[in-house]
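Shown next, in structure tokens, is the structure this report addresses.
Numbering (our numbering), first residue to last: 18 to 266.
Written out as structure tokens, the structure is:
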């Protein structure tokens, strides 16, 4: 009897917490649905932050555009950005067509010396609908061409390893990621961009090294610590190259 009463008491205590969690999830879902119809590319996400960027910081400015892996980098290792005139412009869940739409305001208008483009995970997942590899490649090429046209050096980042996506099971993602990374490396060499090979640094032979991720897709703090030197090397290599000649405007 006492066990039953204790269980009922614990359930009563837990119920408000569960209800609150459900309310938060429902609210987030409503906001996402509303944004889908009013700001599909989430152009408003960084409007205030872009306006508030300080001028005259030491060193060349580097912008990182991407999805949740880029957003999580800033969230988990903010000083990697704030101490080095680096700007994180990642948005969780985004696909390459969404990044293309916000590339001007979140990259070009910030006048960086270098941009790192990390994209493709959510294209493979089909977050904004089915996409072919060629469509993803076209969007990445568009962003790289826009950057070069404005005198911005380009770093093309590999897609980190993932044996599967928890939110889209059954996609057999590993080979698709390897294929896209092979193309990214080749396209970087072809166009004079710099390739940042995060995949090799994070891979364990099967997928994302367990000690470096919290869900098999996204890095944890240890994962970002491993990615840091890869980024540093890519930035140095990129800055050692002459800036692309910007088109007359």
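Just so it is clear, CB atoms sit at the ideal spot from N, CA and C, and this is done for glycine as well. Note that the structure is predicted; figures quoted are calculated from it, not measured.
Inter-residue Cα distance where the pair is residue i and residue j
i           : j           : result
residue 122 : residue 179 : 30 Å
residue 171 : residue 96  : 22 Å
residue 221 : residue 138 : 18 Å
residue 224 : residue 152 : 25 Å
residue 177 : residue 219 : 7 Å
residue 239 : residue 104 : 21 Å
residue 59  : residue 108 : 8 Å
residue 250 : residue 212 : 10 Å
residue 191 : residue 65  : 37 Å
residue 80  : residue 188 : 31 Å
residue 165 : residue 106 : 18 Å
residue 198 : residue 155 : 14 Å
residue 148 : residue 71  : 38 Å
residue 62  : residue 150 : 27 Å
residue 68  : residue 88  : 19 Å
residue 194 : residue 226 : 15 Å
Residue i - DSSP class collapsed to helix/strand/coil
i           : result
residue 112 : coil
residue 135 : strand
residue 146 : strand
residue 193 : helix
residue 104 : strand
residue 172 : strand
residue 83  : strand
residue 258 : coil
residue 215 : helix
residue 78  : coil
residue 119 : helix
residue 253 : helix
residue 178 : coil
residue 185 : strand
Burial state of residue i, where buried means 16 or more other Cβ atoms lie within 10 Å
i           : result
residue 228 : exposed
residue 175 : buried
residue 210 : buried
residue 25  : A caution first: residue 25 carries a pLDDT of 44, below 50, which makes its placement in the model unreliable, though a value can still be read off. Its Cβ having fewer than 16 others within 10 Å, residue 25 is exposed.
residue 230 : buried
residue 140 : buried
residue 253 : exposed
residue 259 : exposed
residue 186 : exposed
residue 248 : buried
residue 57  : exposed
residue 207 : exposed
Residues of its chain near residue i, where Cβ-Cβ distance is below 6 Å and the 5 sequence neighbours each way are ignored
i           : result
residue 167 : 125, 263
residue 120 : 160, 163
Residue i CB to nearest heavy atom of the ligand SAH below 7 Å
i           : result
residue 139 : The model on display carries no ligand, and the ligand SAH is accordingly not part of it.
Close-in-space but distant-in-sequence residues of the same chain around residue i (CB under 8 Å, 5 per side omitted)
i           : result
residue 12  : As displayed, the chain neither begins before 18 nor continues past 266, which places residue 12 out of reach and without an answer.
residue 157 : 113, 134, 136, 137, 173, 201, 204
residue 16  : As displayed, the chain neither begins before 18 nor continues past 266, which places residue 16 out of reach and without an answer.
residue 74  : 102
Residues near residue i in its chain [Cβ-Cβ closer than 7 Å; skip 5 each side]
i           : result
residue 246 : none
residue 101 : 76
residue 243 : 218, 219, 229
Below 8 Å, can you find three or more Cβ-Cβ pairs linking the segment 129-148 to the segment 108-116? yes
Contact the segment 69-86 vs the segment 104-112: 3+ CB pairs below 8 Å: yes
Is the number of C-beta pairs between the segment 235-246 and the segment 194-202 that are closer than 8 Å three or more? no
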